[in-house]
Structures are given as structure tokens and as C-alpha cells.
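Student: Pasting a structure below so you can have a look.
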Amino acid sequence: MTSHRRQRSRTPIRLLPAALVAALVLAGCSGAPPERGAAAGDAPPLVIHAIDAGSFQEDFNPFHLEGVNLGSTGMIYETLEFINKLKPGESTPWLATGHEWSDKGKTLTLTLRQGVKWTDGTPFTADDVAFTFDTLKKHPELNTAALDLKGTTVLAPDKVEIDFGSTSYAKLYNITGNRPIVAKHLFEKENPVTFTNPKPVGTGPYMLSSFSSQLYEMKKNPAYWQPGKPVVPTLRFPAYTANAVQTGLQQGEIDWAGAFVPDIDKIYVQGQPETNKYYFPPEGLVSLYLNLTKPAFAKPEVRQAISLAVDRDRIVKVAERGYTTVAHPSGVSMPGGDAYLPPEHKDAAYSVDVEKAKQLLQQSGVESSELSFTLLVPSPFTDWVNAAQLIREDLAKIGIKVETRGVAFQDWVSKVGKGTYDMTIRGTPGGPTPYLTLRTLLDGGLAKPVGTSTSGNYERWKDGETDRLIADYTATDDQAAQERAVQGLGKIMVEKVPVLPLFYSPSWAQYRTDKYVGWPSEQDPYAMPSPYTSPDAAVVLLHLRPAGT
Amino acid sequence: MRFLARRLGFYLLTAWAAVTLNFLIPRLMPGDPVDLLVARLKGNVDPAAIDAMKRAFGISDAGVWQQYLDYLGNLLHGELGRSITFFPAEVSTIIAGSLPWTIGLVGVATLLSYLLGTFLGVIVAWKRGSWLDGVLPATTFMHAVPYFWVALALVFVFGVTLRWFPVSRAYGLDVMPAFDGPFVSSVLYHAALPAITIVIASMADRILGMRNVMVTTLGEDYVVMAEAKGLTSRRVMWAYAARNAILPNITSFALSLGFVVGGSVLTEIVFSYPGIGSMLLKGVENEDFPLMQGIFLVISLAVLAANLLADLAYVVLDPRTRQEA
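Respectively, the protein sequence lines represent chains A and B.
At position 427 of the first sequence (counting the first as 1) the number is 427 in full-length UniProt numbering, and the numbers step up by one without a gap.
At position 35 of the second sequence (counting the first as 1) the number is 35 in full-length UniProt numbering, and the numbers step up by one without a gap.
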């Protein structure tokens, strides 16, 4: 429910002033960072920058996607389970201690944790869970995960059944993993669509203690159901815009941020590698899209040739500043996705082969005069603009003429959605398993005619085998069967090249270890490390312990 | 009175034109908010949910005329709708929350820059031929330099390097909004650097404008006459020359008062100031029609009101306008 926030935080103006300030900061970096360190006695507060915002609106309604303030889900309102996207298949019981599918994936029975209380003292029960899902059914505008809800039945105070109109195995993440549960006795009096919930009452480890448009603060919930947790007593969320957060990180005001920082080693780490850490795990896949409704791109040899000509290592190093890694040709998120890799292409990796690319182009029989295209990129995403230039140079080597064109974000969204483009670069969100990414990339149901806006499969790939594999995945909750389906999709990605994966889009996370330790890392990826990812951010907070312990 | 009535009629017509343009312009932008919405939600949205969300956001597929009539009707009721970016916050709440910061910062800075600039302009014109003429190239330079460059340079020197001033936000993180000493002083401290940049960047115009008119006025017969009568030079400077030369500056001041509400978008971006300019930027980024319209409306009405004020001031200050009426 929050992964879209990153997309938002990457909006147009972000990079320009940020880069200007960053340049100034760099030029004048005095190299004398301010004194810091845990104060003796009381545990210090943790200062968090989640998303770029000049000021906050008072909204803590977890049903909202856009206006709601970070921390509403996870820290205040909790989900039924915690599903770790960095370790596909790993989930932790949370408000629910277990779930069971029946009726071919149309019924989900949840067993709930007992002894959990809302922060107003009312016990948490199955009524609250039923109410939360009933609300989604009653207000389709809140049901953005498109759950096909039929109804709920409270079986016992700690048992609830949710019924769906269609097989919903593949939606488990949207049901238990990122749907915050609200208190029925408080929400039933309000219209959940417009209610701003200024005094949130949740089951989570934190409670809102103060709010102003520039800063809100959360205090720990002393009666939290996980004994002895959380350790961090106070969370502070100051409003930082994209350029202010650079200075904030540089001056050491922020303990935990999810920000894009140009030249991070100079601006942020600045000689304190012991405490100033960052971790950018993959969160999605950025690919080069070729519009398959163009006759030339409909030929697999042309797509293969382009894939062979594009130097992805250079793109990652130059355009992405080395903040990320080249994608696996199957599109499966790595590391972590090993089980989902097609066995015959486990060790596949990209390498540039201009000669072979030229050969393939010749085989394709496409006239060289037809090999002239426009590569559309959203001009505010400067890294993609750079990547597009590199791709243009690479493709020139095999005789494909590419004109790169930067357009306004809005314009790009509209053109790509409607399929009125030749080539483009676009990101696809990650999910609890690689399935979500591959489905978004390849689902034939999303291949709308050119001129009609779609929400995935922008290249308009139509293939019976692909759709069969997607149907296979959604029809089962057997992990081995799901893995096989994803492997099949990965195989199609490698062999038929419907889209060209480039690199993983990183999740941004900077954290300092001088006050608290226990952050997620490459060695221990127990949750997404960014403060803007929920409920993961709350899981991270529950893992923290004072520095020096 | 006929003069005023005529002006009022003119303002009503302009207000209508502004309101209508305000309705049209956001709709001329490429793309539409629904596409953007789906892009922000990363595609995992059910078509049924999209339709329902559109209804909740007040985005309708109705014809432009129907939308226009609805828009006018809502305006008459004082309803600006709900923001899409900050849904379900009301646009009026958002504007009410950010407008005071802009008026406080940009308003005070504009007033200061006006007073200071006019005063310096008078002095520079009066002492022309002296070393004070050296000020002119400096002001021309300041006039030509882009504002954000000045702002960034000052941020760099006084904020980042010397750390005399905070470089972002409207008040410190250690205070909560309340009408007490610590909060007020924190607000003033945080407003200092942005205000200084506005004053420095806009004062040059005032100095130049005032000086030029003043120089012309100083050549007028009545100034020569006043000097010939042996009045003190201070009296000639202020009561004869400056008083007559100030009229164009009053107009430009009134106009810039109108633009205060529009805020200094750049100031607010550079200093992360939570004013109306930052909000407008946010609205444009997210193609948030209701928010953009609300802000544009407030801005256009403020400019109109300022114009009206300028007209009224003219009637008071310049007897010739009264005679004509």
C-alpha cells in the first residue's frame, strides 16, 4: 500500500534543486560533522524522513493512499501478517496467528492473536477484521488492491472468515500483508473515505502524541502486545522537502531516511562509514519497453539484437551511479528470488555482443530504413534520461537510429499507458514474490488496444503460454507450483524477450547507527529498510536496540 | 464615484475571466489525473476502484460545460473541493494552512524591500553625481541575477558554511506551534534568511525605479521653484520631488502586494518553506486540479484586490484622477 510512494517521491522538481543544493553542499563541505551520540540516561528519539513533503496534512486514516501520513500503517495500525519482500516466501504471524485457504482459494479463514488491545483499552477482535474488509467492499474507491470481496463471517472472537468471488491465492499479500486493520468501534461512526482520523487508535507499537504541519511525533505504546518492545521511545517525523533532506542528512539531523542522495558517499557518509550506513535493496524492475504493435519490434530477432547491443553495466555505472545492479534476464528480483529462477537459465547474465546483434538484425529481414525509433523518457527522471542517451549510443553501433525525447511526466504516463510510443523506459513494482512484477509486465489481459490506457503490459505482449502460466500461479497456494509458474514466465522473458530488463530500482534507505543498531542489511534482509515502506518500517523499529548493546 | 463604479464593473469582468481561465488552464495540461493516479498506484488497481476513486475525488467524465457550471456553482458556495494529492483534505483547509506563512514571509519582505528601496532610490537620485552613483551598477547587477541564484548563494554562505541561519522549514523542530516566546522567535529566526534574500533580490528594482522617476521629477519647474524659494533641501527632496515621484512606485507596490499571495515559489522551494508556493508546486506535480484551481483563484483574486487598492490609492493621492471623474 505504500510502494507507490516512491514513485511519487520521484516526481519532477525533485532532482533539480536537490542537485543544486547538493552541489553547493559538496563544494563547501567543511568535513566537520556535528557532534552526536546517544545521550546518557534516556533513550534518544529517532528522527525519520519518510517522504518529501513541505508540510503535513493531519490525516492518519490508513484507508487513504495519498494523503495519509507515514507511520499510520505499521506503527499505529497493524497488518494480519508481515510478509518480507526481500525473502520471497517468508512471512511472520502478526495480528493473525495463522491463515487457511479453502473452497479453491475463495475462502480465507484467519485465526487472530488474543490479548491484543487498541490503545483506548478496547480488545481487538474478529469484528475489527471483518469490519475492515467489509469497509473495502462497501467503498470500492478504497479497494485499490482490487480484492474480489464477497463478504465476511465472524466465527468466534478470534476467528474470521473472508469470502471472495474468485480464486484469490495470489492476493494474499494484499489481504494479510499490507491491509492495516482498523477499530470497528471508532471507524463505524465515520465515513472512511473522507475521515481524516486526527486521533488514531491502533494496536501498533506507537501512538501519535503530537501533530503540527512541520512535525509529528509518536510515543511508544506502553501496552504493546510484544513484551519489552519497542525500545525506541519516541519517533519524530519532520517535514523535509527533497532538497532540505540533503542538508538534513549532511548535517546529521536525520537518523533514518528514504531519500535519493546524489553522490551519497560525499554528502552523507562523509568519512563516518562506521555510523552512516545505507542499504539499497531491489524494490522493482526498470526495463526497456519496445512497443510490440510496431512491425519491427514484433520480430523477436530485433528485440534480441537490441538486448545484445545495450550495455547494461555501463547504464548502471554511469546513469544510476552504481546504486543498483543489472537485472537478471528473467526479470526475477535478485538476490532473494533464487527459487523462482528458471533452472535452465539460472546463470544467465547479460553480455554485449555487437556482431551477433547485427547478424540477428539481418536475419530478421527488417529493412535498415525501418530501424529508426523515438525513445520516450520522462524528463524529470534524469537518471533515465542519461540511460536513454547511453542506449541511443549502443544501438547506433548496430545501425538502429534512436532519437531520445524527454517529455513531461504527465505526458509520458499518458503516452505509455495508451501505447502511442516506440520505445520507453519504465519501472515495474516488486511484490512479495517475483510473480507480481512478471504479471504486470506480461499479462495478456492488460494488453489493451493502442489508444486505450492500460495499467501494465505497456509493450502489449499477447501470448497463450504466458497467460496460462499466470492462471496457473493464481490457481494455487502451493509454493512449489507457484515457483514453477514464475520459472515459466522467467523462461519466456529470457527466450522471447517481450521486454528488456535493465536494472533493479532500488529502495532508498539511509540510517545511522550511533543511537540505535539492528537495522536491516544485505547480510540480514529481514524487512525492506526504507522508512516509506509499510508495514516494514515498523518491523525495523521493533528490531532496533540502543547502540553499544 | 462614476470612476469607481466603472472600475468595479471592470474588476467584476476581470474576475469572471480569471475564474474561467482558472477552470480551463489545468485542463489544457497533457495527460489526465486518472492516468497519473494509476501510475502512482503502480497499476495494481481494479477498474471498478478507479471509477469509484474518480467519483470520490470529484473527477467527472461530464462534458466541459457541465463541469464548468458545477465549478461556478461550487465557487458561489465557497467550496473549492478536495485535494487529490492530500485527499481527503479540503483545498480550503490546505490554503488556510499555507497562506499565512507566505503572507507573513513574502508580505513583510515585500514591505521592507519597498520601504528600503524607495528610500535609497530617493537618496541616490538626490545625491546623483556623488559616490552614491556607484550603487547603480550593483543594483543593475542584482536586478539581472536570477533570484534563486542569490538565494542559493546566501544559503550556502550563511546557512551551510557559517551556520548562522537555519536553511529550511518555517520553525524549529524543538517547538510546537503556539503563541509563545520560543515559537515566535523560532519563526522569526527561520524567516530571516529567506526574507533577506527576497529583500536583496527585489530591492534593486525599487531603487532603480524610484531613482529614475525622481531624477525626472527633479527637473520639473516646481522643484526648481521650491529650491529658488530657499526651502531646505530635505523639504524639497521629500515634500516636492519624492511625493510626486512616488506615484508609479505605489502602483508597483500595490501590484506586488497582489503577487505576495502567489508567493515566491522559488523562495519557498529553496528554503522548504511551507507556504502557498510549495503547495502550488505539489499540486502541479500531481495534476491536482482542485488544489491548483483553488490556489490560482486565491492568487487572481488577490491581484485584483491589490489593483483595486492601487486605484483607490491613486484617487486619494492624485487629485487629477478625481477631477476627471
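Even for Gly, the Cβ is constructed at its ideal location relative to N, Cα and C.
Scan the stretch 200-220 of chain A for residues whose Cβ lies nearer than 8 Å to a Cβ of chain B and list them as they occur along the chain.
Tutor: The stretch 200-220 of chain A vs chain B, Cβ under 8 Å: Ser210, Ser212, Ser213, Gln214 and Leu215.
Student: Quick check: the stretch 216-236 of chain A against the stretch 191-206 of chain A, are there 3 or more CB pairs under 8 Å?
Tutor: Taking 8 Å as the limit for Cβ pairs, the verdict is that the stretch 191-206 of chain A does touch the stretch 216-236 of chain A.
Student: Shortest alpha-carbon distance to alanine 145(A) belongs to which of Ser455(A), Ser364(A) and Gly464(A)?
Tutor: If you number the first sequence from 1, residue 145(A) lands on position 145. That would be Ser455(A), whose Cα lies nearest to the Cα of alanine 145(A).
Student: Compute the distance between the beta-carbons of tyrosine 279(A) and proline 434(A), then report whether it is under 9 Å.
Tutor: Residue 279(A) sits at position 279 when you count from the first residue of the first sequence. Residue 434(A) sits at position 434 when you count from the first residue of the first sequence. The answer is no: Cβ separation not under 9 Å.
Student: Can you find a C-beta in chain A that's less than 9 Å from the C-beta of phenylalanine 158(B)?
Tutor: Here residue 158(B) corresponds to residue number 158 of the second sequence, with the count starting at 1. Cβ-Cβ to chain A under 9 Å: no for phenylalanine 158(B).
Student: Roughly how far, in whole angstroms, is the beta-carbon of isoleucine 391(A) from the beta-carbon of leucine 288(A), given that I think they are within contact range, below 8 Å?
Tutor: Position 391 of the first sequence, counted from the first residue, corresponds to residue 391(A). Position 288 of the first sequence, counted from the first residue, corresponds to residue 288(A). The Cβ separation is near 7 Å, so the contact holds.
Student: Could you check whether the Cβ of leucine 173(B) sits closer than 9 Å to any Cβ belonging to chain A?
Tutor: Position 173 of the second sequence, counted from the first residue, corresponds to residue 173(B). Taking Cβ atoms only, chain A reaches closer than 9 Å to leucine 173(B), which makes this a yes.
Student: Does the beta carbon of alanine 239(A) come closer than 9 Å to any beta carbon on chain B?
Tutor: Here residue 239(A) is taken as the residue at index 239 of the first sequence, counted from 1. Cβ-Cβ to chain B under 9 Å: yes for alanine 239(A).
Student: Please confirm if glycine 548(A) has its CB atom under 9 Å from at least one CB of chain B.
Tutor: As a working mapping, residue 548(A) is identified with position 548 in the first sequence. Not closer than 9 Å to any Cβ of chain B, the Cβ of glycine 548(A) fails to qualify, so no.
Student: Would a C-beta distance cut-off of 9 Å place alanine 204(B) and threonine 102(B) closer than the cut-off?
Tutor: Mapped onto the second sequence, residue 204(B) falls at position 204. Mapped onto the second sequence, residue 102(B) falls at position 102. No.
Student: List, in chain order, every chain A residue whose beta-carbon is nearer than 7 Å to that of methionine 176(B).
Tutor: Here residue 176(B) refers to the residue found at position 176 when the second sequence is read from its first residue. Here the neighbours are Ser210 and Ser212.
Student: Which whole-angstrom value is the C-beta distance of proline 233(A) and valine 494(A), which I expect to be below 8 Å?
Tutor: For the purposes of this step, residue 233(A) is taken as residue 233 along the first sequence, with counting starting at 1. For the purposes of this step, residue 494(A) is taken as residue 494 along the first sequence, with counting starting at 1. Actually they are not in contact, since the Cβ atoms of proline 233(A) and valine 494(A) sit about 50 Å apart, beyond 8 Å.
Student: Between serine 185(B) and alanine 191(B), what straight-line distance do the alpha-carbon atoms span, to the nearest angstrom?
Tutor: Reading the second sequence from its first residue, position 185 is the one you call residue 185(B). Reading the second sequence from its first residue, position 191 is the one you call residue 191(B). Cα to Cα, the separation comes out at about 10 Å.
Student: Taking the alpha carbon of threonine 152(A) as the point to measure from, which residue in Ala126(A), Ser453(A), Tyr458(A) and Glu393(A) has its own alpha carbon closest?
Tutor: To locate residue 152(A), count along the first sequence from 1; it is residue 152. For threonine 152(A), the nearest C-alpha among the options comes from Ala126(A).
Student: How many angstroms separate the CA atom of valine 175(B) from the CA atom of serine 213(A)?
Tutor: Translated into the one-based positions of the second sequence, residue 175(B) becomes position 175. Translated into the one-based positions of the first sequence, residue 213(A) becomes position 213. Going by the C-alpha atoms only, they are around 12 Å apart.
Student: Report yes or no: is there a C-beta of chain A within less than 9 Å of the C-beta of methionine 292(B)?
Tutor: Residue 292(B) sits at position 292 when you count from the first residue of the second sequence. By this cut-off, methionine 292(B) is not an interface position.
Student: Can threonine 79(A) and aspartate 163(A) be called in contact, C-beta distance under 9 Å?
Tutor: Mapped onto the first sequence, residue 79(A) falls at position 79. Mapped onto the first sequence, residue 163(A) falls at position 163. Going by C-beta atoms, threonine 79(A) is not nearer than 9 Å to aspartate 163(A).
Student: Could you give the first and the last residue of the continuous beta strand (DSSP E) run that contains serine 91(A)?
Tutor: Residue 91(A) sits at position 91 when you count from the first residue of the first sequence. Its beta strand (DSSP E) spans residues 91-93.
Student: Going along chain B in order, which residues have a C-beta closer than 9 Å to the C-beta of alanine 244(A)?
Tutor: What you label residue 244(A) is simply residue 244 of the first sequence in a count that begins at 1. Those are Val167, Ser168, Arg169, Phe271 and Ser272, listed as they occur along chain B.
Student: Given this structure, state the Cα-to-Cα distance separating arginine 2(B) from leucine 8(B), to the nearest angstrom.
Tutor: The count along the second sequence starts at 1 and reaches residue 2(B) at position 2. The count along the second sequence starts at 1 and reaches residue 8(B) at position 8. If you take the alpha carbons of arginine 2(B) and leucine 8(B), they lie about 10 Å apart.
Student: Which same chain residues end up closer than 7 Å to isoleucine 398(A) when comparing Cβ atoms and leaving out the 5 residues on each side of it in sequence?
Tutor: The residue you call residue 398(A) lines up with position 398 of the first sequence. So the list reads Ala305, Ala309, Val354, Ala357, Lys358 and Leu361, once near-sequence residues are dropped.
Student: Helix, strand or coil for histidine 345(A), going by three-state DSSP, please let me know.
Tutor: Numbered from 1 along the first sequence, position 345 holds the residue referred to as residue 345(A). Reduced to three states, the DSSP call for histidine 345(A) is helix.
Student: Report yes or no: do three or more beta-carbon pairs, one from the stretch 307-324 of chain A and one from the stretch 501-513 of chain A, lie closer than 8 Å?
Tutor: Yes: at least three Cβ pairs fall under 8 Å.
Student: Measure the alpha-carbon distance for threonine 374(A) versus threonine 135(A) and round it to whole angstroms.
Tutor: Taking the first residue of the first sequence as position 1, residue 374(A) is located at position 374. Taking the first residue of the first sequence as position 1, residue 135(A) is located at position 135. Answer to the nearest angstrom: the Cα atoms are 46 Å apart.
Student: With 9 Å as the C-beta to C-beta threshold (strictly closer), list the residues of the stretch 278-289 of chain B near chain A in chain order.
Tutor: Residues passing the 9 Å Cβ filter: Ser278, Met279, Leu281, Lys282, Val284, Glu285, Asn286 and Glu287.
Student: Look up methionine 75(A) in the DSSP assignment and say whether it is helix, strand or coil.
Tutor: Translated into the one-based positions of the first sequence, residue 75(A) becomes position 75. In the structure shown, methionine 75(A) sits in coil (DSSP, three-state: anything other than H, G, I, E or B).
Student: I want to know whether the stretch 335-355 of chain A touches the stretch 255-271 of chain A - three or more CB-CB distances under 8 Å.
Tutor: The stretch 335-355 of chain A vs the stretch 255-271 of chain A: no contact.
Student: Nearest to tyrosine 473(A) by alpha carbon, out of Thr196(A), Val486(A) and Gly177(A)?
Tutor: What you label residue 473(A) is simply residue 473 of the first sequence in a count that begins at 1. Comparing Cα-Cα distances from tyrosine 473(A) to each of Thr196(A), Val486(A) and Gly177(A), the minimum goes to Val486(A).
Student: Against chain B, does glutamine 410(A) count as a neighbour if the rule is that its beta carbon must be under 9 Å from one of theirs?
Tutor: Here the question's residue 410(A) lines up with position 410 in the first sequence. Cβ-Cβ to chain B under 9 Å: yes for glutamine 410(A).
Student: Unbroken beta strand (DSSP E) runs of length 3 or more, entirely within the stretch 324-394 of chain A: which are they?
Tutor: The stretch 324-394 of chain A contains these whole beta strand (DSSP E) runs: 372-378.
Student: Can the beta-carbon of alanine 257(A) be found less than 9 Å from the beta-carbon of tryptophan 519(A)?
Tutor: Here residue 257(A) refers to the residue found at position 257 of the first sequence. Here residue 519(A) refers to the residue found at position 519 of the first sequence. No, the pair does not count as a contact, with Cβ atoms beyond the cut-off.
Student: Nearest CA to the CA of isoleucine 123(B): which residue from Ile198(B), Ala109(B), Leu218(B) and Asn307(B)?
Tutor: By one-based count along the second sequence, residue 123(B) stands at place 123. Nearest C-alpha to isoleucine 123(B): Leu218(B).
Student: With 16 as the cutoff for other CB atoms within 10 Å, does threonine 424(A) come out buried or exposed?
Tutor: For the purposes of this step, residue 424(A) is taken as residue 424 along the first sequence, with counting starting at 1. Classification of threonine 424(A): buried, given that the 10 Å Cβ count is 16 or more.
Student: Alanine 146(A) lies in the beta strand (DSSP E); which residues open and close that run?
Tutor: Against the first sequence, residue 146(A) aligns to sequence position 146. Where alanine 146(A) is concerned, there is no enclosing beta strand (DSSP E), given that its DSSP letter is neither H nor E.
Student: Which residues of chain B have a Cβ atom closer than 8 Å to the Cβ of arginine 236(A), listed in chain order?
Tutor: Counting from 1 along the first sequence, the entry for residue 236(A) is found at position 236. Correct list: Leu173.
Student: For serine 272(B), collect the residues of the same chain with a Cβ closer than 6 Å to its Cβ; drop the 5 residues on either side in sequence, then sort them by chain order.
Tutor: In the second sequence, residue 272(B) corresponds to position 272, counting from 1. Excluding residues within five positions, the ones whose Cβ falls inside 6 Å are Ser168 and Arg169.
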